[in-house]
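Worksheet: the structure to be examined is printed underneath.
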Amino acid sequence: MVTWLLAIILFFPVFWMVLTSFKKEGDAYTDPPRFVFHPTFSEFSQVFSSGAGPPFLHSVFVSLVSVVLVLALGLPAAYALSVRPIKRWRATLFFFLSTKMLPYVAAIVPIYIIALHTGLLDNDWALVILYTGFNLPLAVWMIRSFLLEVPRELLEAARIDGAGLYVELRRVILPIVMPGLAATALICVIFTWNEFFFAYFLTATKGPTVPVFLVSFLQSEGEYWARLAAAATLACLPVILAGWIAQKQLVRGLSLGALK
Amino acid sequence: MAEALTATDLPADPTVRGWRRRRSARPAGPAPKALTGRRAWVRRAPLMPALVYMIIVTQVPFLVTIWYSLRSWNTLTPGSNRWAGLNEYKLVFTDPNFRSAILNTVVITGSAVILSMLLATALAILLNRKFFGRGVVRTLLITPFLVMPVATALLFKTTVFDPIFGLLDWILGPFGVHQVNWIGSYATPAVVAVLVWEWTPFMMLIVLAGLQSESLESLEAARVDGANAIQTFLSITFPHLRRYIELGMLLGSIYVLQTFGEIFVLTQGGGGHGSATTNLPYYIYELAFQQFNVSEAAAAGVIVVIGTEIVATITLRLLSGLFAAAEGLA
């Protein structure tokens, strides 16, 4: 029962966010906080009418394209590091991991300048390129751990039957690692969707993503709690749902595939 | 962003040493089974796109950072974009704000990681028993990690920390605590609290994975030998968990070090105390986008990258031991 109590306490801010989003502003600012009120959708429609649509589209585009790129680059790389490993696979694997440890904030100035000169400022592709770079190491580690689970005998059998690389991938490996790839994709989407730092500096004026929109919303509209809560609820909803669905695989992705 | 860690920097765990010894024991000439020429490239081919991509994405910005760090460009000062050698590095090292940013980073990261690990371990132990609604509880507990970090920061800033209408004021009201300007007066604890809330689920999942991989036989054996719950935990569970706790803390530190959005939203780097929550990312942001001091920001960036690289190399050595052990189990 202690566990239930703790879980409810920790979850409470999320519950409160959703609750507040159905309030009218007058019900949001009360002392003590109000639990019973007339629910309304008016703040949600306010959020949409103040321009939440385009940021959602930007975020969806950036997340999907970068995830597709990550998988397209990551799966073959993971293959070359596990099923038929190259000679220095361990060093290569750790090179990928070391890029994940870099303080990417340190590179904001040059990235901003490069984006400025290549016309990628305020362009979704700048974020696609960067987020693919962020998630690729994670994906390689994760997919590799799934590939290692493909039974050796199955691969041997396919090779004896004369299957080429393509057939081997398509018929033997993909069906087995499909759930793993889906989990990898979901985790990449979570990180991409929530990223704020680069999105803020590279897309702030014309093509904001959802987190940037959320922060600028606060700055331009003032601190209206109910509306803020409605915007935040909408912003978080896709990722919370994705995370709930993928929760069994979450631990594996977060630990880079080291743990099951 | 940084020079790659090379193979020679890497691991010091037994498995790897064995692997390397085998390699070096081989004669230098073409070994019987060594892959040569074309065939080796066929193996490497699937790796190349990803490898080249990562090298470009990380190394090009780093080289450009070095270039700007050796100049003295402030976009507000016309004609300042000149060669300046190591001058900007001298400025960064003599800047007291830089030193306090390092200290703040260590304090914020250290306390957030340690506190969330303590809380996470407790929760994981509670969650590792069978009880009604366990799946639901786990779902509730991982949710904070999924909430967008800037949304978390905005919500805590408004609905939790507000001096009059905030939840904290309401909860602590009966204890005689009223209308405290939490963010203004307790900027660092406020930031740490938000980070702990965000990162506890992450740590909890890793510790839980550790608990669930524990062998039932040894627990059973301990019980048969008459060990009580505390003895069993200290002598069997904890040594087994240690590896997972280390892994969680190392990975958590990697992410928490980079915290920017939460500080940007909650305290703008300061709270009521000047720059109490200015960590290194926020410090670089201030240099670059508030003082428009491109070169000094670049120099600070290079210093931070090199510093992190040193810490990361040590971390990787530890990690590779952990990973090798985890894979050995698999």
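Chains as they are written, first to last, in my numbering: chain A, 1 to 260; chain B, 261 to 590.
Glycine included, each C-beta is placed from N, C-alpha and C at the ideal position.
query, result
"Grab the span of the alpha helix (DSSP H) containing residue 100/A for me, first residue to last.", "89 to 100"
"So, with DSSP's three-state summary, where would you put residue 333/B?", "coil"
"Using only the alpha-carbon positions, how far apart do residue 463/B and residue 348/B sit?", "39 Å"
"Here's the rule I'm using: 16 or more other beta-carbon atoms within 10 Å means buried, otherwise exposed. How should residue 408/B be labelled?", "buried"
"Find the residues of chain A that neighbour residue 520/B, judging by a C-beta separation of less than 8 Å, and give them in chain order.", "105, 196, 197"
"Tell me, please, whether the CB atom of residue 111/A is closer than 8 Å to any CB atom in chain B?", "yes"
"Looking only at C-alpha atoms, which of 321/B, 412/B, 482/B sits nearest to residue 104/A?", "321/B"
"Give the interface partners of residue 419/B over in chain A, defined as CB-CB distance under 9 Å, in chain order.", "13, 16, 17, 20, 28, 33, 225, 228, 229"
"Residue 364/B lies in the alpha helix (DSSP H); which residues open and close that run?", "356 to 387"
"So which of 173/A, 124/A, 33/A has the shortest CA-CA distance to residue 149/A?", "173/A"
"Report the residue ranges of all alpha helix (DSSP H) runs contained in full by the segment 94 to 182 of chain A; include only those spanning at least 4 residues, in chain order.", "108 to 118, 124 to 147, 152 to 160"
"Output, in chain order, the set of chain B residues within a Cβ distance shorter than 8 Å of residue 236/A.", "406, 407, 408, 411"
"Just the C-alpha distance for residue 187/A and residue 345/B, rounded to the nearest angstrom, thanks.", "43 Å"
"Flag residue 304/B as yes if its beta-carbon sits less than 8 Å from any beta-carbon of chain A, otherwise no.", "yes"
"Using CA coordinates, which residue listed in 402/B, 417/B, 504/B is at the minimum distance from residue 452/B?", "417/B"
"Compare the C-alpha of residue 577/B against each of 227/A, 198/A, 95/A and name the closest.", "95/A"
"Buried or exposed, going by whether 16 or more other CB atoms sit within 10 Å of the CB of residue 327/B?", "exposed"
"Buried or exposed: where does residue 1/A fall if 16 or more other Cβ atoms within 10 Å of its Cβ makes it buried?", "exposed"
"By DSSP's criteria, residue 343/B is part of a beta bridge. Which residues make up the other side?", "331/B"
"Using three-state DSSP, classify residue 525/B as helix, strand or coil.", "helix"
"Got a sec? Which residues, its chain only, sit under 8 Å from residue 86/A by beta carbon, not counting five neighbours each side?", "80, 92"
"Note down, in chain order, each residue of its chain lying with its Cβ closer than 6 Å to the Cβ of residue 69/A, except the 5 sequence neighbours on either side.", "132"
"Would you tell me roughly how many angstroms separate the C-alpha atoms of residue 3/A and residue 313/B, rounded to the nearest one?", "45 Å"
"Tell me the rounded alpha-carbon separation between residue 144/A and residue 470/B.", "21 Å"
"Rounded to the nearest angstrom, how far is the Cβ of residue 381/B from that of residue 247/A, given a contact under 8 Å?", "About 19 Å; that fails the 8 Å criterion."
"If I'm right that residue 509/B touches residue 373/B with Cβ under 8 Å, what's the distance once you round it to whole angstroms?", "5 Å"
"Hey, how far is the Cα of residue 29/A from the Cα of residue 362/B?", "38 Å"
"Looking only at C-alpha atoms, which of 253/A, 77/A, 7/A, 61/A sits nearest to residue 126/A?", "61/A"
"When burial is assigned at 16 or more other CB atoms within 10 Å of the CB, is residue 20/A buried or exposed?", "buried"
"Looking at residue 330/B and the ligand COA, is the gap between the Cβ and the nearest heavy atom below 7 Å?", "Although the ligand COA was asked about, the structure shown includes no ligands whatsoever."
"Taking only beta-carbon positions, decide if residue 162/A is within less than 8 Å of chain B.", "no"
"Check each residue of the segment 544 to 560 of chain B: if its Cβ is closer than 8 Å to any Cβ of chain A, include it; give the result in chain order.", "544, 545, 548, 549, 554, 557, 558, 560"
"Excluding five sequence neighbours on each side, which residues of the same chain lie with their C-beta closer than 7 Å to the C-beta of residue 282/B?", "Interpretation of residue 282/B is limited by its pLDDT of 39, a score under 50 that renders its predicted location unreliable; the figure taken from the coordinates is listed afterwards. Counting only Cβ-Cβ distances below 7 Å, and skipping sequence neighbours, we find nothing."
"Do residue 336/B and residue 552/B have their CB atoms nearer than 8 Å?", "yes"
"Identify whether residue 194/A lies in helix, strand or coil by the three-state DSSP scheme.", "helix"
"In or out: residue 521/B buried (at least 16 other Cβ within 10 Å) or exposed?", "buried"
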